[in-house]
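Here's the structure we're looking at; comments come further down.
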Amino acid sequence: MKKILVIVMDGLGDRPNPELGGRTALQAAYRPNLNYLASRGLNGLMFPVKEGVRSGSDTSHLSILGYDTFSVYTGRGPFEAMGLGMEVMPGDIAFRANFAYMNEDGIIEDRRAGRISESTEQLCRAISLEIDGVKFMVKNGVEHRAALVMHGAGLSDRITDSDPHVVGKSPENVRALAPEADFTAEVLNKYLEKIRPILKTHGYNKARTQSGNLPATELLLRGAGKAPTLDSFPDKFGLKAGCVVGIPLISGICRLAGIDVVNYEGATGTVKTNYQGKIAAALRALETRDFVLVNIKAPDIAGHDGKPELKRDVIQESDKAFGQIIPHLDNIVVAITGDHSTPCSIKEHSGDPVPLLIASDGMNRDGVSRYDEVSATRGSLRLKSTDLMDVLMSASDRSEKYGA
Ligand code: ZN
Ligand code: ZN
Numbered sequence: 004m005k006k007i008l009v010i011v012m013d014g015l016g017d018r019p020n021p022e023l024g025g026r027t028a029l030q031a032a033y034r035p036n037l038n039y040l041a042s043r044g045l046n047g048l049m050f051p052v053k054e055g056v057r058s059g060s061d062t063s064h065l066s067i068l069g070y071d072t073f074s075v076y077t078g079r080g081p082f083e084a085m086g087l088g089m090e091v092m093p094g095d096i097a098f099r100a101n102f103a104y105m106n107e108d109g110i111i112e113d114r115r116a117g118r119i120s121e122s123t124e125q126l127c128r129a130i131s132l133e134i135d136g137v138k139f140m141v142k143n144g145v146e147h148r149a150a151l152v153m154h155g156a157g158l159s160d161r162i163t164d165s166d167p168h169v170v171g172k173s174p175e176n177v178r179a180l181a182p183e184a185d186f187t188a189e190v191l192n193k194y195l196e197k198i199r200p201i202l203k204t205h206g207y208n209k210a211r212t213q214s215g216n217l218p219a220t221e222l223l224l225r226g227a228g229k230a231p232t233l234d235s236f237p238d239k240f241g242l243k244a245g246c247v248v249g250i251p252l253i254s255g256i257c258r259l260a261g262i263d264v265v266n267y268e269g270a271t272g273t274v275k276t277n278y279q280g281k282i283a284a285a286l287r288a289l290e291t292r293d294f295v296l297v298n299i300k301a302p303d304i305a306g307h308d309g310k311p312e313l314k315r316d317v318i319q320e321s322d323k324a325f326g327q328i329i330p331h332l333d334n335i336v337v338a339i340t341g342d343h344s345t346p347c348s349i350k351e352h353s354g355d356p357v358p359l360l361i362a363s364d365g366m367n368r369d370g371v372s373r374y375d376e377v378s379a380t381r382g383s384l385r386l387k388s389t390d391l392m393d394v395l396m397s398a399s400d401r402s403e404k405y406g407a
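Here the sequence shown is numbered in my numbering, starting from 4 and rising by one per residue.
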């Protein structure tokens, strides 16, 4: 039995870029280690979630870990909260939130409180409190955005938004959409009532008013979602598992799945991340584990920014770090892929498949010796990300026999 290393290069897939002579970022990158690893095993295309789905990083990572997203994914709320670094436990209710300006008559005049440029962290802390055994935790996002997580027993996401979604109206009273949500709606309305005077009198808002900005006097809530209870990944596959990731969204998903989050030096989840350190940490983590997931966020960032040269460069940096894996192929099955494509030409996720290589000593080889979107089409593999774990379990001689 071998160990399994899955490296997800976030947003890896690309389309031809005029700036790179009509090549994808991957095709334009100097990538001797990726090409060598491609030559040591099987190659092909992986469809994130399934063919034609334009997936987010949350749904695609869930599917890479073998979960059926169509049954476990409960909406963006809990995943956006995790993305802000909040601890979200199974059964917690999470909302996307906006700081808004509500006037003295209780009417929302600006849904973004004039687009806040400075951090609302202290405001969020001031309105994180406990009512009737339910913990309300608020974390600041970009500008006027935030997330609210409710933690407690017997909570339901079958409730309406408080956000009226238009200006000139009062915030809505939260209503239960099912009897089991009565308590949740009631305690949430109590909470919103309680934080209004706190927001109104907070020094942060006094300072905003003095400097001619609209104060953030209301927290508008929308998109309630219940954090899913995932079957334990280690139990499902019989693997002692860890992850080396720099972004809270993915570490949050791993935590829900029962996968240890391994800390490493220089973790940033940006284009300046410590690539060598990340792969070294993954190999170290594998000494005491059977499975490690690595996420490298940088290609996605470059894709969203529409910067093909930057995307090429971060792939080259990653490639240098992948050289460390080669001496371990006797003991490790490595899969290198993307969680979705983020083509620089569209600056968004697309439904294009991503290249996949699976390499290890003693494996069959399919003759592909270059790692990119086009060379991958000549490889032998075509699979949905949901099936990747089963393929890797088999390649590492860990799968159970099906039949006699
Ligand atoms: Zn992603
Ligand atoms: Zn993205």
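For glycine and all other residues, C-beta sits at the position ideal for the given N, C-alpha and C.
Contact belief for residue i with residue j at Cβ below 8 Å, rounded distance in angstroms
i, j, result
"A84", "A150", "4 Å"
"A184", "R161", "4 Å"
"F325", "I282", "7 Å"
"L37", "D322", "5 Å"
"I201", "A100", "Actually they are not in contact, since the Cβ atoms of I201 and A100 sit about 15 Å apart, beyond 8 Å."
"K142", "M89", "5 Å"
"P343", "S58", "First, the residue type needs correcting, since residue 343 is His and not Pro in the sequence shown. At roughly 5 Å, the Cβ-Cβ gap stays under 8 Å, so H343 and S58 are in contact."
"S60", "L252", "6 Å"
"S383", "L48", "So it is not a contact: roughly 10 Å between Cβ atoms."
"P302", "L15", "5 Å"
"L8", "V295", "5 Å"
"H147", "R178", "Their Cβ separation, rounded to whole angstroms, is 25 Å, which puts H147 and R178 out of contact at 8 Å."
C-beta neighbour in chain B for residue i, strict 9 Å
i, result
"Y76", "The structure shown contains no chain B, having only a single protein chain."
As assigned by DSSP and simplified to three states, the class of residue i
i, result
"A230", "coil"
"A1", "Lying before the first or after the last residue shown, residue 1 is absent from the chain, which here runs from 4 to 407."
"S348", "coil"
"A84", "helix"
"M4", "coil"
"D17", "coil"
"E221", "strand"
"T340", "strand"
"I256", "helix"
"L2", "It is not possible to answer for residue 2, since the shown part of the chain is limited to 4 through 407."
"N36", "helix"
"S353", "strand"
"Y104", "strand"
"N208", "helix"
"I67", "helix"
"L360", "strand"
"L384", "strand"
"R128", "helix"
"V265", "coil"
"D95", "coil"
"A150", "strand"
"K239", "helix"
"E22", "helix"
"D393", "helix"
Any non-hydrogen atom of ligand 1 within 8 Å of residue i CB
i, result
"G14", "yes"
"A355", "For the record, residue 355 in the displayed sequence is Asp; it is not Ala. Incorrect: D355 has no Cβ contact closer than 8 Å to ligand 1."
"S66", "no"
"D321", "The sequence shown places Ser at residue 321, not Asp. S321: no, Cβ never under 8 Å from ligand 1."
"T345", "yes"
"S63", "yes"
"D17", "no"
"D414", "The structure shown does not extend to residue 414, since the chain is modelled only from 4 to 407, so the question has no answer here."
Residue i: CB within 8 Å of a non-hydrogen atom of ligand 3
i, result
"G59", "This structure lacks ligand 3; its bound ligands are ligand 1 and ligand 2."
Any non-hydrogen atom of ligand 2 within 8 Å of residue i CB
i, result
"H168", "no"
"H331", "no"
"G306", "yes"
"H352", "yes"
"D113", "no"
"D303", "yes"
Runs of 3 residues minimum, wholly inside the stretch 275 to 335: which ones carry the beta strand (DSSP E) assignment? 294 to 299
Scan the stretch 154 to 212 and note each continuous alpha helix (DSSP H) run of 4 residues or more that stays entirely inside, going in chain order. 185 to 204
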